[in-house]
Each structure stands twice: as structure tokens, then as C-alpha cells.
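Below: one structure, written as C-alpha cells.
There are 2 protein chains.
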Amino acid sequence: MYRSHTCGQLNSSKIGNEVTLSGWVQKIRNKGFMIWVDLRDRYGITQLIFDEERSSEDLMKKAATLGREFVIQVKGEVIERESKNPNIATGEIEVLVKDLDILNASLTPPFTIEDETDGGEDLRMKHRYLDIRRNPVKNKLVFRHKVGMQVRNFLSNQGFIEVETPYLIKSTPEGARDFVVPSRMNEGQFYALPQSPQTFKQLLMVGGMDKYFQIVKCFRDEDLRADRQPEFTQIDCEMAFVEQEDILNIFEGLTRHLLKEINNVDVDTFPRMTYDEAMRKYGNDKPDIRFGMEFAELNDIAKNKGFNVFDQQELVVGIAVPGAAAYTRKQIDALISWVKRPQIGANGLVWAKYNEDASLKSSVDKFYSQEDLQEWAKATGANPGDLILVMAGDAGKTRSQLSALRMHLGNELGLRKADEFAPLWVIDFPLLEWDEETERYHAMHHPFTSPKVEDIPLLETDPGKVRANAYDLVLNGNEIGGGSIRIHDKETQSKMFSHLGFTEEEAKEQFGFLMNAFQYGAPPHGGIAFGFDRLTAILGGQETIRDFIAFPKNNAGRDVMIDAPSKLDEEQLKELSLKLNIE
Amino acid sequence: MYRSHTCGQLNSSKIGNEVTLSGWVQKIRNKGFMIWVDLRDRYGITQLIFDEERSSEDLMKKAATLGREFVIQVKGEVIERESKNPNIATGEIEVLVKDLDILNASLTPPFTIEDETDGGEDLRMKHRYLDIRRNPVKNKLVFRHKVGMQVRNFLSNQGFIEVETPYLIKSTPEGARDFVVPSRMNEGQFYALPQSPQTFKQLLMVGGMDKYFQIVKCFRDEDLRADRQPEFTQIDCEMAFVEQEDILNIFEGLTRHLLKEINNVDVDTFPRMTYDEAMRKYGNDKPDIRFGMEFAELNDIAKNKGFNVFDQQELVVGIAVPGAAAYTRKQIDALISWVKRPQIGANGLVWAKYNEDASLKSSVDKFYSQEDLQEWAKATGANPGDLILVMAGDAGKTRSQLSALRMHLGNELGLRKADEFAPLWVIDFPLLEWDEETERYHAMHHPFTSPKVEDIPLLETDPGKVRANAYDLVLNGNEIGGGSIRIHDKETQSKMFSHLGFTEEEAKEQFGFLMNAFQYGAPPHGGIAFGFDRLTAILGGQETIRDFIAFPKNNAGRDVMIDAPSKLDEEQLKELSLKLNIE
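Residue numbers (UniProt numbering), protein chains in the order written: chain P, 1 to 583; chain H, 1 to 583.
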């Protein structure tokens, strides 16, 4: 038996007990006549003491050979500590070591295994097994486990059944590129790894499973964007005999449950906002509503006042930045440079300070009177002390640029508080979006999403205006879930494929299995999928997901520790070529 | 709202209530003036009634158009049923329909959606979404979910953390062939899909995660054997600072918990048997101990009695078949033919009937006296009324043949009862096994398994004799779990690779990342993996796993419904060729 207790377990109630502990050497203080060792495991740290007066010479010698991250086992007596440490659970005691066994030595670790480490990210990623020993990383993995357990228990209690769907499937490209997997049993043929279990969960609904969920890995063979992994985890859900309202209620319930159980935060009914409103008010379909700074459209009051720059533009839109009237010229210039960066691409920024004395001073005083600027203040909701920022241009682009600026200011002003949670349903997404490159409509969500019944006639006349029964759950400015009510009859699904530019053969070839299934009594159904990596990170108060993944891939798509992928040897290449029917 | 209640929910306490139900039409009885419909969903069946006297003409007409598997929504009143059905929860009531909505029509299903269906396996697999509507399949998927939840809750309560390990990894072939996945980001390079998360869970132990588990998909690109899928699910576990005894205790606890919670069966401490004993007593490393028929070695009493057939053989071994003395000549001949089939490959079978009058009659009476045969009876534990069956030959082959015969008889005599559970630990497996084909030793479990300390010297002199710290959990004649205490120091692991015929470069190239990690304080650790598909099937009283998988692959490795894999188009082929660096 390697241990009677963990390193987080002993306290003054155990004084006098003989115990056995195992763990890693965190820290050593050697005063010659006395040696203290901090022994660490997943559960905590216990102080060990070797004492010339009470320990044998051999034991003192052995203890002196210990190094950081050595793995040891000790037997000894729990004694009261002289200088107590009220910050840790075991701070009242120490263990007077009587027996020391070195279970494994360690090279000096390349960075310190402390909460605040001296190791840079690359080094820590290279030795991820050492990084995981650090509390900040270890705690996030434990946190992720807890979130997963809460999700499963909640959904299971609601009658959802976790059903595993296959990983080696037929390629049914939707948007992103599939990873393909050559099959040895079927020469010249390939499996694909699922981008999501979408069609399978719909088949389960046809199969009467009624309420399905799965926490499942999904795959996209795409260039890594910041914080997006080629393999990611999804909480995938589907329900039969439901309308949008039913889905929103259940998954609002799940999210509220998580916020309560994980974060101890009570949240009221989630607000809802249409896609159009979100775009108008925040320039963004996943607005962070923890802070205001809502968009005010200024076309009526800012155009035709002699300021040509505005007059020619589709949209003039502004926000009030609270307390920022005190910004220096330098600070404002920095904001202007910020929006002019290629990533944002704005032409500039008009500003107006709403001074504490209620006077207004703007960068366009030549064109606008105090009364004009008062109108701006009224429209943007600015109070004395605030700074009004205005952009103009093509409506879509300008909204998106102002949204980026708003988020930038939200971060800069500390308005995006990690311990505050503001969930939001965004509903009524467009069904289709025009793709400039391919010059045709694409499904905004996916081709299985149903249009709103009242908008179906628009499919023939103005497809871009058709709204979908689609919804996103947004938390603190992050899309953490999205779903829709699906099409459940063959005819509508057929028409949808045709609107998306599929020929009848293509639709049959790729999705015939689903449309066939729809002929045998498919129930109305819908669902949602949550990004588990992102959800966990947001609940954990962070926006970067990588720390919540045990073995993330680095920017080259390689495993941080095991340098995957690797080259195939000649024999493997030959075999693959055969599979590919390439000579 | 599609329903106020499910089809399994209404009973006499709801009589008089207005309800809304949705589901599938299971059965229709149309007497013209009255129409009964059985409405089915995941939760049960509710009888609907349309009645000329109480329903409108339009409603009667509409009801008459319904067909099997139509999806409908009805509103109506819960009324008392005239002819009650005590066999179902809703048997006391029916719903008098006032409003009928046909949500989706259905073609006539290719087989009946009943517990006992008229559809053959191929047809049911082709339309798996219809097969899943049947109780026997649906219930097994729900059962699997329950087992999964119990496993997760038990392990989580024991302090295990579920950590997701990557699916796109470096290829580290162990035994079976890897599925490979070309990477678009790293030209000419490939990921592999994991055959198990073995090395990752060991890295998690190096990382101090202490107790890890995961219910996880694993992959083997191998020919499908009966009931083996190319993708399968594993309950994968690992613990640090443990000896074999700790692992056996924890996972005996898990298994006992499942038997109690899932099957309501109490099981005592699990018996343990060494690999050698299992092979000697049952000819099998996964013996079904629900019934006796233990092997008796008869070399001492059956050789050198003038029966040449036995004299030349390495092993003479027999079993007593309870109550089978009454077997006819024809029945015994059938057994002899059975063992002579090429799948078994035995030369023959010697038999001796131990008659109720205590006399013995054998197929070798010419060579053996009654006293000789009494010795056989004593050795095999035969009682009057039993049949003694004896085989002889090369020890390994003969044991395996007699084991097959024993299992065959166990099935034939109904001794393998589905509701009886006999778990068993098989321990002290050999570390290495000789492979005739490659003429070298292979790791019996895997190269990370530690040898027993006392057997290490044998590694140099008689490697085949070295026992491993490896163990299997056997349930009713099926291996449901297997694991080992691992090597945790670089030197021993290096030596092991060399014993397995790896050059130093090969070992470094393939497993360098693990041996490097071992240099930074790897704790002693060990673990186990359960076959989740098999475990679920066995707990469910079945040996075939396919029914417990929602979308199994058929014998060609294709998905039963979605005809994967598919051919790549020219563009995809070209892209892949580029990846492969093939012109």
C-alpha cells in the first residue's frame, strides 16, 4: 500500500497517528540539522520534516539527496507544526519522517511546478505532463470533469438517453472539410470523421429515441484559427415532438443548472433577442450584454448637415463610452489607430466628448452645432462624462467594425467581468446567407434547419429574407450553443437541397439515407449543440479553451507532446496508394 | 406544445382530463362505427378511440386514413376502458379523440414494429431507424445509457476524473493495425486513430492526475471477426500509487456496484485464479465458472494401460458431464463429430458412462477395467448418471479443444444461465508470448506491463516463464476487462523494448515521448480497461454486442444504414495524392 492518506487530507485531528504518504517533492529547505520537504499530490501539500535529533543519520543523508519532482514514499508520525500555515488545509501539522523510499528520481524540471511558473507557453506545452501537475492547469481539467458530470446528470434526469454514434462514417460535407480515413476492408473507399453527429441524431429521432444527448468528439480538417482545435467536443442534443419554445426551456434549464451548481450563480429567465435586433444593437450575433454601449443609428440626425463623409454612407452609427470624456487626445488617437488596423479595416472614427459641464466637444465641430451633438448624446444614451464614438459606411461592415471596437473598449474598461454571467438567446436567424465566392446561397446553420412557416413563400421571391427556426445561446459574448428545429418531411428537405444548389442526384447520393428515413414516419424534431470546450472555459471565467484540454494541439495541428502526425514508412505508403487506387 | 403527456403516462387517476398525445400508430382496428388506434412512443402505448356516436364524421374519415407508423397528434379526453389490459401501465384507460392531426405519413414499414418482428437481420439493419423503434432494441440502448451513467457516477464518487484524450494522435502500433488520417496541415504526414489511450493515460499519471477514467471510442483497422467492430468503446482507467491489490479492489467494487444497481444481484468477493490454474482447470484464460465440469488430468491413471492412443500423448484430460450418462449413441456421436470439425480440430473423444447402478461403460473397455474407470470417475468428480469425456494430445491444443467442448455442453445443457453472474479475476498472466510467425516474443498484454519483481531474473534465461503484474476480469466466460501495473522507470521500459526486439532507435522514435516523461518523476501506476460494449451485453444477459450499439457496422465494415465508406471524387483523390507525396 503506497499511502494511508493523500497529501491534502491530514489535519490536527490526526496528530499522533502513524501515516504513509506518497507524492512529489515540491520544495526542499535544508538547514543541515533539519530538512523540510513539501510533498505534493493531486489533493494538496503536506510538510515533511527530517530532524537530526529525531531521525537517523542514514535518513538525514537520504533526505539530503532529494531533488525537486522526485517521487517518494514516507512513513512517519503526524505532529503539530511550529509555524502554522492557515492558507492550506494541512497547515496545522507536519509529518516527522521515520522511513523514506525514493520511488523515482527526476531530472530538474525545465520550469518550476508552481502556480506562477517561470516557463513560457511553448516549453510548458512541450512538457504538458509537467504543466498538468501545476494547480492552475490541473484544476481546470478537474473543473471540466465536473461540468461534464453535471451536464450528464441533468440531462439524464430529464429523460435524455446518451447514445453513441459512429466515428467512421460516410462523408457528408457540410461547410468544413472532412478528415478522411482510408478503409482497408473496402479498397479505394474512405470513411470520414464526423463534423457533428447531426444526421445520426436525426435518425435516432426517426427511431423514436425521443430525447438524445451525447458528449462527443467532432472533427474539422481546417486551418487552426486562434483557439480552435481540429478535434473538439460537443454536447449534442436532439428531441422529438418539440417546438422551439420547448428546446429553449430545456436548455435554458441546463445552463441555469450549471451556473448554479458550478458557479453558484442564480440567473433569471434568459432574455431573447432576434438576430436582426442583435445586429442592429450590437453589430454582432453573439453580443456580450454584461455592459451597455448599445448602438444608436444616427442617419436621421447626422446626415445632411454638411459633413460629406457621413452623407454618402449607408449607415452612421454611434456608441456612448461611459466615463471616457476624460480620454486624452492620445488615447483617442490610439482608438482611431486601433479601428484603422487591417484586422478591423475602418476608415476612421468621429468622436464627441460629453463634458461634465454638459458642453460637447467633437472632432466635427465645424459641421455640428451643440444642439446637433445633444441629439447624438440623446440617441446614444450618453451622460455627461461619456465619450461618443461614431462610425459610418456600408451597414454590415460598419456594424461589425463598431462591434469590435465596443468589445475592445469593454475589455479595456474592465466591463467584461469574469464572475458575471449574462446569458442570452439569439433567435430568428436567417435561413440562408449569400456566398459571394460561389455565388449561391448557403445554409447559415445547416441544410436540415427548417424555415419559419410564415416565411416559406419568400423562398421563391427573396430567399435571403427567410428566417429559420434557429437559435443560439450566447454567454458573455460567446456563442456556446446553437441549434434549430429541423425539417422532418422528405419533400421540404428535397426543396431545401435544391435551393442550396444541389442537383437531385447529388442530394440523393449524399443524403438519400436521411430522406428515405423521413418516409417512414419522421416526427417533428429539433435540437442544439453546445461547444463543450468553450462552455467549460466560459464557466471557468476564461475565453481561451486550451487550458481546459489535457492534450491540445499546437498551432501546426501537432499534439503538444506526442509529435503527431508522423510520416508513413514505405510499406504504409504503398498500402495506402493501393487503397487510393494510385499506381 | 406537441403533447401534455407521453404514451406511457396516463392511468385511471387521469380519467376526465383533457390531454394531448403524440406518437406513432402501432396498430389500427377499424370496425367502421368504431376505430381503435394503439399510439406508441418511447415510453409506452396508449389506446385511442374514435367512435361514430361521439366523434364527427370528418374525424372518423380522417382516422380511417391512418396507416401503421403514421406520426399523429391527438387531443381528447381520458376515459375508462371497457376491456382493461392489466399487462400495460396505461391498460385501464383510453383516450376518446376529439382532434386528430397527421404530423407525418409513413410508407408501409418493411417489417413489423413489434417485439417479435417478421424482419430478418439484414432488413432490420438496413432500416436501423425502424428497428430502434422496437422495444427489444430501444431497451438495450436505454440500458447501455444506464450502465454508462452508473460507471461514471461510481468512478467520479471514488475521485476519478474523466479526462478526454486526443483522437488524432501519432501512430504507435501495438498489435493491431492503425487507422490513419492524412493531415492537410502537415503534408505527407498522418495522424492515427487510437487503439486505446494507453500512453496518454500513463502521461496523465506522470502529470499527477492520480485517478483517471474515460469512456472512449477506440479503433482497430482489422478484419471484422464475429461481433468485433472496427470502432469500439472502452472504459479506460488508470491510477497512481497503486499495487495490483488496489486496482483489483476498486474495480471489483465497480463491477459489484453495477451488478447490484443494474441487475439487482449481490455478489461476494470475487474469486481469483492464476492464469496457469485457469488453463489447467478450464483450458481457457476466461473460464465460465457458473458451472463445474473442471478438467481432470488423467496422465497417471490413463497412460500405460495398453491404449496406445493415450500413451504417446503429452496430455490426457477429461471432464464429467452431469446427467449425460443417459446420452444415446447418436448423441455421443454428434459430440465426437462436433470436436472433429475443423474449427475445433480434435482427433476424437473417448467416453465412459457412469451408470446409475455405479457400473461404468466406456468406448475403451478393451483397455480399461472397471477399477481403472472408477479412477477416472474419481478424478473427474463424476457421479452416477454422469458422462466422462476424455481427450488426449498436445497439452495446449487439447486443453483448448476440451474447453470448447465444455462451453458447447454448458450451452447445450442450459448451464450458462443469463441471470446468473459469476465474476472471476484471472491473475499472473505471462509477460511474453512466443510468436511462431515472427520468431520472437511479443508482449501478451502490451509493452508497458511490468514483470513480477521476483521473475525479472528469468527475463534473461527463460523469458516465456516471466509472469506479469497483469489481470483480467472475467464474467460468465467473457473477458470484460484487463489491465496491469505498468513499468514506470525509463531503464526498465528500455529493457522491455529491447526484449521485444525493438532497436534503441525504434523504441526512441515510437515511444521516446513516454520514456522522456518517465525521467521527470513518474509515479508507480497501473490501470485497467473494460470493453464497454461487451460489459453492457453481458449485464444485459446477452453475448452478442451488436444490439447494444445504435449504429453498428455490418460485416463489410459499412455502416448499417449510411452506406459508408464512400469513394472519393477526383479532386479529393488528387488532394490526398499530394498529401501522400505521390505524383
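C-beta: ideal position from N, C-alpha, C; glycine also.
Against P/Met149, the close residues of chain H are Arg152, Asn153, Ser156, Glu162, in the order they occur along the chain (beta-carbon pairs closer than 9 Å). At a C-beta separation below 8 Å, P/Gln519 has these neighbours in chain H: Ser106, Leu107. Put simply, the stretch 478 to 485 of chain H does not touch the stretch 164 to 172 of chain H. Fewer than three CB pairs are less than 8 Å apart. For P/Gln73, the secondary structure class from DSSP, reduced to helix, strand or coil, is strand. According to the DSSP assignment, H/Thr20 belongs to no alpha helix (DSSP H) but to the beta strand (DSSP E) extending over 18 to 30. Following the DSSP letters along the chain, one finds P/Lys138 inside the alpha helix (DSSP H) bounded by residues 135 to 157. Look at the stretch 358 to 390 of chain H and you find these whole runs of alpha helix (DSSP H), each 4 residues long or longer: 370 to 380. The beta carbon of P/Gln150 sits closer than 8 Å to the beta carbons of His257, Leu258, Glu261, Ile262 from its chain, once the five residues preceding and following it are set aside; these are given in chain order.
H/Gln542 and H/Thr536 have their C-alpha atoms roughly 9 Å apart. Rounded to whole angstroms, the gap between the alpha carbons of H/Val180 and H/Thr269 is 43 Å.
Of all alpha-carbon atoms in H/His442, H/Arg134, H/Glu94, the one lying nearest the alpha-carbon of H/Ile35 is that of H/Glu94.
Distance from H/Phe219 to H/Glu231 at the Cβ level is roughly 5 Å; contact confirmed, criterion being Cβ atoms closer than 8 Å. Contact holds between the stretch 443 to 452 of chain P and the stretch 469 to 479 of chain P, because three or more Cβ pairs, one in each stretch, are under 8 Å apart. Annotation for P/Asn104: the continuous beta strand (DSSP E) segment containing it runs 93 to 104. Scanning the stretch 230 to 261 of chain P from its first residue to its last, the whole beta strand (DSSP E) runs of 3-plus residues come out as 231 to 240.
DSSP places H/His442 in the uninterrupted beta strand (DSSP E) bounded by 440 to 443. If the five residues before and after H/Ile538 are omitted, its C-beta is found closer than 7 Å to the C-beta atoms of Leu475, Asn476, Asn478, Ile480, all from its own chain and listed in chain order. Between P/Leu387 and P/Ala352, the C-beta gap is smaller than 9 Å, which places the two residues in contact. Under the DSSP assignment, P/Glu460 falls in the alpha helix (DSSP H) whose first and last residues are 458 to 461. As a beta-bridge residue in DSSP terms, P/Tyr471 pairs with P/Ile427, P/Gly483.
The way I'd put it, the stretch 101 to 110 of chain H doesn't touch the stretch 37 to 46 of chain H; fewer than three beta-carbon pairs between them come closer than 8 Å. Judged by DSSP secondary structure, P/Met34 falls within the beta strand (DSSP E) whose first and last residues are 34 to 41. Distance from the Cα of P/Lys361 is smallest, within the candidate group P/Asp115, P/Asp38, P/Leu431, P/Leu389, for P/Leu389. In the DSSP assignment, P/Gly512 falls within the unbroken alpha helix (DSSP H) covering 504 to 518. In the DSSP annotation of this structure, P/Leu10 is not part of any alpha helix (DSSP H), being labelled neither H nor E. Straight across, the Cα-Cα distance linking H/Ala404 with H/Gly318 is about 13 Å. In the DSSP assignment, P/Leu500 falls outside any alpha helix (DSSP H), carrying neither H nor E. Taking 8 Å as the upper bound on Cβ-Cβ separation, chain H lies near residues Gln189, Phe190, Tyr191, Ala192, Leu193, Thr199, Phe200, Leu203, Leu204, Val206, Gly207, Gly208, Met209 of the stretch 189 to 209 of chain P.
Not flagged as an interface residue toward chain P: H/Met515, since no C-beta distance is shorter than 9 Å. For H/Val180, the pairing in a beta bridge is given by DSSP as H/Ala192. Cβ contact annotation for H/His488 (same chain, cutoff 7 Å, sequence separation greater than five): Phe518, Ala522, Pro523, Pro524, His525, in chain order. Taking C-beta atoms under 8 Å as the contact rule, H/Asn85 and H/Gly91 qualify, at a distance of about 3 Å. Per DSSP, H/Ile538 is one residue of the alpha helix (DSSP H) stretching across 532 to 539.
Sequence-distant Cβ neighbours of H/Phe497 in its own chain, meaning closer than 6 Å and more than five residues away, are Ala507.
A distance of 9 Å or more separates the beta carbons of P/Ala550 and P/Ile235. In the three-state DSSP reduction, H/Val453 falls in the helix class (H, G or I).
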